[in-house]
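Asks: First residue of the sequence shown? That's 343 in the numbering used here, and the numbers climb one at a time after it.
This structure is in structure tokens; I'll ask about it shortly.
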Amino acid sequence: MIVVNDPVTLSISHFIDAWRTLCEGAPGYAEEDVDGVHHVFSGLPIAFFNVALVTGRDITAPALSASGRQACEWASKHGVPWLLVVTQESLVAGTDAGVALDACGLVPLMPLTGMLAQDVAPPSHVPPELKLLRPQDDHACSTLLDVNGLAYGMDLDAGKAIIGTRSFWSGHFPALGLVEGTAASAAAVFMVDGYRYVALVATDPARQRRGYGDVVMRHALELSARVHGHAPTTLHATEAGRPIYERMGYAPIAAHTVFIEKKFLDGH
Numbered sequence: 343m344i345v346v347n348d349p350v351t352l353s354i355s356h357f358i359d360a361w362r363t364l365c366e367g368a369p370g371y372a373e374e375d376v377d378g379v380h381h382v383f384s385g386l387p388i389a390f391f392n393v394a395l396v397t398g399r400d401i402t403a404p405a406l407s408a409s410g411r412q413a414c415e416w417a418s419k420h421g422v423p424w425l426l427v428v429t430q431e432s433l434v435a436g437t438d439a440g441v442a443l444d445a446c447g448l449v450p451l452m453p454l455t456g457m458l459a460q461d462v463a464p465p466s467h468v469p470p471e472l473k474l475l476r477p478q479d480d481h482a483c484s485t486l487l488d489v490n491g492l493a494y495g496m497d498l499d500a501g502k503a504i505i506g507t508r509s510f511w512s513g514h515f516p517a518l519g520l521v522e523g524t525a526a527s528a529a530a531v532f533m534v535d536g537y538r539y540v541a542l543v544a545t546d547p548a549r550q551r552r553g554y555g556d557v558v559m560r561h562a563l564e565l566s567a568r569v570h571g572h573a574p575t576t577l578h579a580t581e582a583g584r585p586i587y588e589r590m591g592y593a594p595i596a597a598h599t600v601f602i603e604k605k606f607l608d609g610h
């Protein structure tokens, strides 16, 4: 287990380990560390499932530009949309990542905040209309991606080949919240380096602002705690999710920016 007094390394390491968990079952899986950039590619035609992370420290603008060019060259051999993740705390003060990577054809897509909580309480109240379910078959497991696709406006169907199956979730902890028999919210927990890592948290836009995501995520964490105990928990939050997680007890540990090649921007 990584010592928490190095929170930036913790956040980067958990990003790599979580994406390895998500992607390593794909037929086109490839992973390689090249000059301080760690690539984890599923080979699927979805940017979310192909990431490269800049892992060095005290990175200058020229060094970041060089890393961006190297990552683009590595990714070009795989022919799929992909994402580059840069950690603000790893940059030399004053370095503008957007400027440094623009010449590589990379543009910022979204910020993500690495977050840590020592524990999260189980749901104290479950809305009566919400039925909590741990998926037990391929169809229910695929539904996690359906909900995420709705929430983030992405076609994630190709990802079902690797994580939309019951076999993938053996040893992990997916959870769904159903309303009137239809999936309204989803969440999952992986064990990463002794921590409970939260991923795939999403709520159908038509069902948002009702607390469903909070309840389903707490339920997934509780399912994992029943097996592994109340280990600390980490995640990488979008700007929309961050205040929700803060209310649950998570604290920021690192600031990441996700970049995408301009040619893939419309198809991320």
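For glycine and all other residues, C-beta sits at the position ideal for the given N, C-alpha and C.
Since this is a predicted model, take the numbers as computed values, not measurements.
Secondary structure at M559, three-state DSSP: helix, strand or coil?
Replies: The answer is helix: DSSP assigns M559 an H, G or I state.
Asks: State the Cα-Cα distance for the pair H514 and A530, rounded to the nearest angstrom.
Replies: Cα-Cα distance, rounded: 8 Å.
Asks: To the nearest angstrom, how far is it from the Cα of I405 to the Cα of T397?
Replies: It is Ala, not Ile, that sits at residue 405 in the sequence shown. Computed Cα separation, rounded: 12 Å.
Asks: Are the segment 578–590 and the segment 518–532 touching, with three or more C-beta to C-beta distances below 8 Å?
Replies: Taking 8 Å as the limit for Cβ pairs, the verdict is that the segment 518–532 does not touch the segment 578–590.
Asks: When the Cα atoms are used, what is the spatial distance from V534 to A372?
Replies: Computed Cα separation, rounded: 19 Å.
Asks: DSSP on V422, reduced to helix/strand/coil?
Replies: Residue state, collapsed to three classes: coil.
Asks: Can you tell me whether G583 is buried or exposed, with buried defined as 16 or more other CB within 10 angstroms of its CB?
Replies: When all chains shown are included, G583 counts as buried.
Asks: Can you name the residues that DSSP bridges to H578?
Replies: DSSP output for H578 lists G456 as bridge partner(s).
Asks: Taking the CB atoms as reference points, tell me whether L425 and V393 lie closer together than 8 Å.
Replies: Closer than 8 Å, so yes.
Asks: Going by CA-CA distance only, name the one from E415, T507, P464 that's closest to D479.
Replies: When only C-alpha atoms are compared, the closest one is T507.
Asks: Using the C-alpha atoms, what's the distance from D556 back to E471?
Replies: Near 15 Å, if we compare the C-alpha coordinates of D556 and E471.
Asks: Just the Cα atoms here: how many angstroms apart are P585 and S407?
Replies: The straight-line gap from Cα to Cα measures roughly 32 Å.
Asks: Taking only the alpha-carbon atoms, compute the straight-line gap between G436 and R476 and give it to the nearest angstrom.
Replies: About 46 Å.
Asks: Looking only at C-alpha atoms, which of T455, E374, R549 sits nearest to G519?
Replies: Closest by alpha carbon: R549.
Asks: Per DSSP, what kind of secondary structure is S484 in: helix, strand or coil?
Replies: In this structure, S484 counts as helix in the three-state DSSP scheme.
Asks: Does the segment 455–472 come into contact with the segment 492–507, if we say contact requires no fewer than three beta-carbon pairs (one atom in each stretch) closer than 8 Å?
Replies: No, the segment 455–472 does not touch the segment 492–507.
Asks: List the endpoints of the continuous alpha helix (DSSP H) containing H598.
Replies: Looking at the DSSP string, H598 is not in any alpha helix (DSSP H); the run it does join, the beta strand (DSSP E), is 593–603.
Asks: Quick one: is E603 buried, meaning 16 or more other Cβ sit within 10 Å of its Cβ, or exposed?
Replies: It is buried - the Cβ of E603 has at least 16 other Cβ atoms within 10 Å.
Asks: Classify L607 as buried or exposed, calling it buried when 16 or more other Cβ atoms lie within 10 Å of its own Cβ.
Replies: Under this definition L607 is an exposed residue.
Asks: Mind pulling the beta strand (DSSP E) runs of 3 or more residues that sit fully within the segment 484–570?
Replies: DSSP runs (the beta strand (DSSP E)) wholly in the segment 484–570: 515–521, 524–534, 537–545.
Asks: Below 8 Å on the Cβ atoms is my guess for A597 versus T455; work out the distance and round it to an integer in Å.
Replies: So it is a contact: roughly 6 Å between Cβ atoms.
Asks: Any idea what DSSP makes of I388, helix, strand or coil?
Replies: The answer is coil: DSSP assigns I388 none of H, G, I, E or B.
Asks: Just the Cα atoms here: how many angstroms apart are A413 and F383?
Replies: Each residue's Cα considered, the two are about 12 Å apart.
Asks: Does the Cβ of T429 have 16 or more other Cβ atoms within 10 Å, making it buried, or fewer, making it exposed?
Replies: T429 comes out buried.
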